[in-house]
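> Got a structure for you, questions after.
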Amino acid sequence: MTTPLRFGFVCVQNAGRSQMSAAFAERERARRGLEDEVEILTGGTDPADEVHPEVVEAMAELDIDLSDRVPQAVSNDELNSCTVVATMGCSTLDLDADVAVRDWALDDPHGQSVERVREIRDEIAERVADLFDEYTD
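Mind the numbering: the sequence shown is residues 1 to 137 in UniProt numbering, read in order.
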């Protein structure tokens with residue numbers, strides 16, 4: 001059996017960008033029939049108490065429910081087990097050399113207008129699809 005791909009999505013609070021990224025990755029994994037081949041990890045270095053309400057609202061527009069998700073802490077050990085880690089532009093992680101890191105440098109959706117959150121959401125969806133194209137095709 002081959003080792004599955006493991007994608008990590010990380011930001012400080014794990015309450016916005018990384019939650020959207022993980023949700024889109026879960027959807028992409030299912031669309032491509034890769035449930036047994038791709039693992040998804042998300043977390044934050046200083047997790048918030050809840051996913052930002054504006055993020056929950058914007059994702060609900062796409063029938064993706066984040067209302068029951070709770071931000072989680074993630075360790076360097078967990079991230080070092082990933083094939084690739086996407087950071088959201090707010091990370092100071094020090095990961096092993098064999099972990100590919102993508103710094104997506106996305107704006108924080110917290111406190112933004114719903115229109116701006118939609119723009120960030122749509123950019124994340126595109127980047128996640130591109131990541132799957134790069135690693136699974």
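C-beta atoms are modelled at their ideal positions from N, C-alpha and C, and glycine is treated no differently.
These figures come from a predicted structure and were not determined experimentally.
Within 10 angstroms of its Cβ, does E126 collect 16 or more other Cβ (buried), or is it exposed?
Taking the first residue of the sequence shown as 1, we reach residue 126 at position 126. Looking at its Cβ environment, which holds fewer than 16 other Cβ atoms inside 10 Å, E126 is exposed.
> By a C-beta neighbour count over all protein chains shown, 10 Å radius and 16 as the cutoff for buried, is N14 buried or exposed?
Position 14 of the sequence shown, counting from 1, holds the residue named residue 14. Buried, by the Cβ-count rule.
> Which residues in the same chain have their Cβ closer than 7 Å to the Cβ of N80, if we skip the five residues on either side of it in sequence?
As a first step, residue 80 is located in the sequence shown; it is residue number 80 there, counting from the start. Shown here for N80: same chain residues with a beta carbon closer than 7 Å to its own, the five before and five after excluded, namely L95, D96 and V99 in chain order.
> Find out if the Cβ-Cβ distance for the pair V70, F7 is shorter than 9 Å.
The residue given as residue 70 occupies position 70 in the sequence shown. The residue given as residue 7 occupies position 7 in the sequence shown. No.
> Below 8 Å on the Cβ atoms is my guess for A73 versus G89; work out the distance and round it to an integer in Å.
The residue you call residue 73 lines up with position 73 of the sequence shown. The residue you call residue 89 lines up with position 89 of the sequence shown. About 19 Å separates the two Cβ atoms, so there is no contact after all.
> Would you mind working out which of E35, H110 and D137 sits nearest A58, comparing C-alpha positions?
One-based indexing of the sequence shown puts residue 58 at position 58. Closest by alpha carbon: H110.
> Who are the near neighbours of Q19 in its chain, counting only those whose CB is closer than 7 Å to its CB and skipping five residues on each side?
Mapped onto the sequence shown, residue 19 falls at position 19. Once the five neighbours on either side are set aside, the close Cβ partners of Q19 are T42, V51, V55, L66 and R69.
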